[in-house]
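Chemist:
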Amino acid sequence: MSSNFRGAALMVAAMAGFAVEDMLLKSVTDELQVGQILIMFGSFGTILFALLARSRGDRLLHPNLLHPVVGAKALAEICGRLFFTLSLALAPLSTVSALLQATPLVVVAGAAIFFGERVGWRRWTAIATGFVGVLIVLRPGVELSWGALAALAGMLGFALRDLATRGAPKTLSNLVLGVYGFLALVPAGAVLLAVTGGAVWPTSAAFATVGTASVVGVAAYYALTAAMRVGEVAVVTPFRYTRLVFALILASIVFAERPDAMTLLGSAVIVASGIYTLLRSRRETQLTVAQDA
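Okay, here's the thing in structure tokens:
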């Protein structure tokens with residue numbers, strides 16, 4: 001089995017895990033306030049990431065944790081997770097997952113703006129086309145909903161988190177960054193809960209559901225990290241879009257959702273634009289390496 005095949009398999013497994021995590025969290029939004037879900041999810045995630053980090057010998061307390069980019073990452077994590085969880089409560093899972101697929105496009109655009117990475121006109125065109133796909137899903141002026149806007153805000157938060165991760169000190173591992181990213185959700189959830197009110201004592205089923213979502217999410221994150229390390233990034237990364245396939249299947253089976261033609265069309269445009277952008281990035285990297293050789 002080639003390294004690229006193993007990497008692709010791990011990436012698909014990771015995306016399936018994230019889709020299951022989304023489905024589990026959405027299933028408890030009728031019972032728990034979003035603030036409560038953030039507190040519970042953040043607590044579980046912090047503990048699990050801390051255990052994984054310690055098992056690898058990573059330092060949980062490091063001077064570079066005070067770096068401004070680490071703080072920016074935590075804020076972006078809060079923004080992304082807060083609005084994403086809110087969108088799960090307000091919008092269909094299929095719509096939320098479709099908009100989430102635009103994250104890589106925003107990351108590429110952000111890398112060009114903030115890190116000075118070279119992005120040619122073809123990739124800018126693909127990014128613009130992807131944003132057209134976002135508009136098709138959102139349908140502003142026709143069926144624009146608060147849930148869809150929350151999903152869009154969550155997607156932007158996750159994209160900023162990924163960009164901040166790239167700019168974080170290399171002395172901090174992804175697992176340590178994960179610890180503090182999830183830890184930041186706890187006070188954020190507490191503040192939101194204090195504002196909205198409506199807290200209830202979670203049932204054993206809700207507690208188990210959020211706990212399972214945390215375990216599945218951390219496992220998916222671990223598989224994602226392994227996939228990026230095993231195979232070539234340009235080969236493995238396009239398989240991120242399988243998350244939408246899993247999400248559509250789960251949305252249909254669990255929530256009886258039936259995405260309309262516009263949502264499916266917008267999803268296809270976003271995914272096609274993202275895959276083209278990633279493949280074009282791979283070609284640009286190969287050309288750069290060949291010129292430097």
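Numbering (the UniProt record's numbering), first residue to last: 1 to 293. C-beta atoms are modelled at their ideal positions from N, C-alpha and C, and glycine is treated no differently.
Does the beta carbon of G266 fall short of 7 angstroms from some heavy atom of the ligand MN?
Modeler: No copy of the ligand MN appears in this structure; indeed no ligand is present at all.
Chemist: Helix, strand or coil: how does DSSP classify K73 here?
Modeler: Of the three classes helix, strand and coil, the one that applies to K73 here is helix, per DSSP.
Chemist: Just to confirm, are S214 and F18 a CB contact at a threshold of 8 angstroms?
Modeler: Their beta carbons are not under 8 angstroms apart, which means S214 does not touch F18 by this criterion.
Chemist: Hey, could you find the ends of the alpha helix (DSSP H) W121 is sitting in?
Modeler: It spans 121-138 - the alpha helix (DSSP H) in which W121 sits, taken as one unbroken run.
Chemist: Assign Q36 to one of three DSSP states: helix, strand, or coil.
Modeler: Helix at Q36.
Chemist: Distance, Cα to Cα, T129 vs T95?
Modeler: So the alpha carbons of these two residues sit roughly 18 angstroms apart.
Chemist: Could you spell out where the alpha helix (DSSP H) holding K26 opens and where it closes?
Modeler: From DSSP, the alpha helix (DSSP H) with K26 extends over 3-27.
Chemist: Near L90, which residues of its chain fall below 8 angstroms by C-beta distance, leaving aside the five closest residues on each side in sequence?
Modeler: For L90, where only same-chain residues beyond five positions count, the Cβ hits under 8 angstroms are S145, W146, G147, A150.
Chemist: Taking the alpha carbon of L104 as the reference point, which residue from L160, L10, R229 has its own alpha carbon closest?
Modeler: Sequence check: residue 104 is Pro here, not Leu. Selected option, being the one with the closest Cα: L160.
Chemist: My understanding is that V271 touches F49, with C-beta atoms under 8 angstroms, so please give their C-beta distance in whole angstroms.
Modeler: Not really, about 29 angstroms apart at Cβ, beyond 8 angstroms.
Chemist: Counting only the same chain and skipping the five closest in sequence on each side, list residues whose C-beta sits under 7 angstroms from that of G80.
Modeler: So the list reads G154, G157, F158, R161, once near-sequence residues are dropped.
Chemist: Helix or strand or just coil, what does DSSP make of D30?
Modeler: It is coil, neither helix nor strand.
Chemist: Using beta-carbon positions only, say whether T85 and L32 come within less than 8 angstroms of one another.
Modeler: Contact: no.
Chemist: Restricting to Cα atoms, I'd like to know which of M15, V70, S204, Y221 is closest to V28.
Modeler: The candidate whose alpha carbon is nearest that of V28 is S204.
Chemist: Can L163 and F114 be called in contact, C-beta distance under 8 angstroms?
Modeler: Yes.
Chemist: Closest to I47 by C-alpha separation, out of Y180, W121, A102, would be which residue?
Modeler: Comparing Cα-Cα distances from I47 to each of Y180, W121, A102, the minimum goes to Y180.
Chemist: In the stretch 176-201, which residue ranges form an unbroken beta strand (DSSP E) of at least 3 residues, counting only runs that do not cross its ends?
Modeler: The stretch 176-201 contains no whole beta strand (DSSP E) run of 3 or more residues.
Chemist: Could you say which of A8, V12, S43, F5 lies nearest to G211 if we only look at CA atoms?
Modeler: Comparing Cα-Cα distances from G211 to each of A8, V12, S43, F5, the minimum goes to S43.
Chemist: Could you tell me the alpha carbon to alpha carbon distance between S3 and V230, rounded to whole angstroms?
Modeler: Each residue's Cα considered, the two are about 6 angstroms apart.
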